[in-house]
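*Asks:*
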Amino acid sequence: MTPSDLVLTPAGVRFLGRVLPCTIGKGGLSDRKREGDGATPIGTHRVAGMLYRPDRLPPPAPWAKPIGPNDLWSDDARDDCYNLQVRAPYAHSHEKLRRSDPLYDLVIITDWNWPDAIPGKGSAIFIHQWRRPGYPTEGCIAFSRKNLHWLAARVQIGTRISVPDLPVT
932 MTPSDLVLTP
942 AGVRFLGRVL
952 PCTIGKGGLS
962 DRKREGDGAT
972 PIGTHRVAGM
982 LYRPDRLPPP
992 APWAKPIGPN
1002 DLWSDDARDD
1012 CYNLQVRAPY
1022 AHSHEKLRRS
1032 DPLYDLVIIT
1042 DWNWPDAIPG
1052 KGSAIFIHQW
1062 RRPGYPTEGC
1072 IAFSRKNLHW
1082 LAARVQIGTR
1092 ISVPDLPVT
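Going by our numbering, the sequence shown wraps up at 1100, each residue one higher than the last.
1. I'd like the span of the beta strand (DSSP E) that includes K964, first residue to last.
2. Please report how far the alpha carbon of S935 lies from the alpha carbon of R1091, in whole angstroms.
3. Are the stretch 1060–1070 and the stretch 1028–1045 touching, with three or more C-beta to C-beta distances below 8 angstroms?
4. If you follow the alpha helix (DSSP H) that K1111 is part of, which residue opens it and which one closes it?
5. Does the stretch 948–960 come close enough to the stretch 1036–1051 to have 3 or more Cβ pairs within less than 8 angstroms?
6. Do P997 and P985 count as a contact pair if the criterion is CB distance below 8 angstroms?
7. Let me know the secondary structure DSSP gives W1004 once reduced to three states.
8. Are there 16 or more other CB atoms within 10 angstroms of the CB of K964, so buried, or fewer, so exposed?
9. Leaving out the 5 sequence neighbours to the left and right, which residues in its chain are closer than 7 angstroms to P1046 when beta-carbon positions are compared?
10. Less than 8 angstroms separating the beta-carbons of A970 and G1070?
11. Identify every residue that forms a DSSP beta bridge with Q1016.
12. Quick one: give me the first and last residue of the alpha helix (DSSP H) that A1083 is part of.
13. Report the three-state DSSP secondary structure of Y1066 (helix, strand or coil).
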């Protein structure tokens, strides 16, 4: 690992000499990730993209893409577009990317089970804003707004994200 890798530790994510407090999935860490288990997948992942709400903030990086009113993320393992960004109207199960709360104002997409998804192995493992310190996610990694914006200005496509099998504390 290098200083430019994001590395999950018991104290938070280590990146560029800082440790940023974070929250992970309510299902803890898992090397057997499944859709809906609430777990954060163990392994080495990479930053695959970044999305942001242009009505709420400026582009956090030159390569970030805006989230529009009809942007969704498919979480239906029976659909050909499983674990891909899709647009409304969309008949299959999905997550809205343009939320009323600020959790997805800025989303860093990981390559977990993406872009060639295996049905049922889990979708939408993002890095996004937390609800509050200590409040778990549905499997994503979440940070305070300030730390998420700091991170977004420094990561690149391909930045490694290491999620080791840490002991539960």
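We treat Cβ as the ideally placed atom computed from N, Cα and C, and that holds for glycine.
*Replies:* With the structure as the only source:
1. Walking along the sequence shown from the start, residue 964 turns up at place 33. Premise fails: K964 is in no beta strand (DSSP E) and is neither H nor E.
2. Here residue 935 is taken as the residue at index 4 of the sequence shown, counted from 1. Here residue 1091 is taken as the residue at index 160 of the sequence shown, counted from 1. For S935 and R1091, the distance between alpha carbons rounds to 8 angstroms.
3. Contact annotation: the stretch 1060–1070 touches the stretch 1028–1045, with at least three C-beta pairs closer than 8 angstroms.
4. What is shown of the chain runs 932 to 1100, which leaves residue 1111 out entirely.
5. No, because fewer than three Cβ pairs between the stretch 948–960 and the stretch 1036–1051 fall closer than 8 angstroms, the two stretches do not touch.
6. Mapped onto the sequence shown, residue 985 falls at position 54. Mapped onto the sequence shown, residue 997 falls at position 66. Judged by their CB atoms, P985 and P997 are nearer to each other than the 8 angstroms cut-off.
7. The count along the sequence shown starts at 1 and reaches residue 1004 at position 73. Of the three classes helix, strand and coil, the one that applies to W1004 here is strand, per DSSP.
8. Start at 1 with the first residue of the sequence shown, and residue 964 comes out as number 33. Buried.
9. Sequence index remark: in the sequence shown, residue 1046 carries index 115 (1-based). Excluding the 5 residues flanking it on each side, P1046 has same chain C-beta neighbours closer than 7 angstroms at L1015, in chain order.
10. The residue you call residue 970 lines up with position 39 of the sequence shown. The residue you call residue 1070 lines up with position 139 of the sequence shown. Against a cut-off of 8 angstroms, the Cβ pair of G1070 and A970 comes out as a contact.
11. Numbered from its first residue, the sequence shown carries residue 1016 at position 85. W1004.
12. Counting from 1 along the sequence shown, the entry for residue 1083 is found at position 152. Counting along the chain, the unbroken alpha helix (DSSP H) around A1083 starts and ends at 1076–1083.
13. Numbered from 1 along the sequence shown, position 135 holds the residue referred to as residue 1066. Coil, per DSSP.
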